[in-house]
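Trainee: The structure is given below, and queries will be raised subsequently.
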Ligand code: GNR
Ligand code: NI
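Written out as structure tokens, the structure reads:
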């Protein structure tokens, strides 16, 4: 298992649309393990493959609280099949936009179809933090960031700040 470097705003990779996974094999399981290790190290509660530079439709999540047993979950080719009309608001952050947080409103409950790490089709109905996190990660697979859900003024300020920071420390 390897901790991989995170892709940070404004890297254009974050705007790429990730491609479906065609086969769940040992290489893909190794990628899932690397993503989990990178997420736990950060630390974060979710990670999409594109955040370590791999434009494939896979994400990992662990919303277990500190002190609770780990609950690593792998979602391959996830699709939202239903979303509730009820909304909920969470303060979100993103490992690709370090130290910036903002409230985002999203459907409170989503049902998501996906392949698990054994390639078996599964459906989960998620609420609470898991629902928010799944939507945040599935957005990444479509090149969408949580700052796309806030006001244009705030978004442009964040992008400007990270663009400046990237220029002062190239590579
Ligand atoms: O670690 C993370 N925390 C978080 C908090 C609220 C809503 C979404 C998230 S996901 C984020 C990790 C990340 O950037 N995943 O893409
Ligand atoms: Ni993120």
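In this note's numbering, the protein residues as written are 559 to 729.
Where is the CB? At the ideal position from N, CA and C, for every residue including glycine.
On a predicted model such as this, the values are computed, not experimentally measured, just so you know.
(1) Beta-carbon distances below 6 angstroms to any heavy atom of the ligand NI define the shell here; list its residues in chain order, please.
(2) Do residue 636 and residue 683 count as a contact pair if the criterion is CB distance below 9 angstroms?
(3) Three-state secondary structure (DSSP) at residue 615?
(4) If the criterion is Cβ atoms closer than 9 angstroms, does the pair residue 668 and residue 687 meet it?
(5) Please look up how many angstroms separate the CB atoms of residue 561 and residue 654, rounded, as I've assumed it's under 8 angstroms.
(6) Hey, residue 592 and residue 559: beta-carbon distance below 9 angstroms or not?
(7) For residue 631, is the classification buried or exposed, using 16 other Cβ atoms within 10 angstroms of its Cβ as the cut-off for buried?
(8) What is the residue span of the beta strand (DSSP E) that residue 632 lies within?
(9) Of all the options 575, 571, 650 and 599, which has the alpha carbon lying nearest to the alpha carbon of residue 689?
(10) On a CA-only basis, which of 616, 699, 569 and 573 is nearest residue 581? Give me that one, please.
(11) Which runs of the beta strand (DSSP E), 3 residues or longer, sit entirely within the region 560-606?
(12) Tell me the DSSP bridge mates of residue 644?
(13) Rank 613, 640, 628 and 579 by C-alpha distance to the C-alpha of residue 570 and give the top, closest one.
(14) Can you list, in chain order, the residues of its chain whose CB lies under 7 angstroms from that of residue 622, leaving out five sequence neighbours each side?
(15) Measuring CB to CB, does residue 579 end up less than 9 angstroms from residue 586?
(16) What does a CB cutoff of less than 6 angstroms around residue 529 pick up in its chain, not counting 5 residues either side in sequence?
Mentor: In short:
(1) 652, 653, 654, 694 and 698
(2) no
(3) coil
(4) no
(5) The Cβ separation is near 15 angstroms, so there is no contact.
(6) yes
(7) buried
(8) 631-641
(9) 650
(10) 616
(11) 604-606
(12) Note: residue 644 sits in no beta bridge, so no partner.
(13) 613
(14) 628 and 629
(15) yes
(16) Outside the shown range of the chain (559 to 729) lies residue 529, about which nothing can therefore be said.
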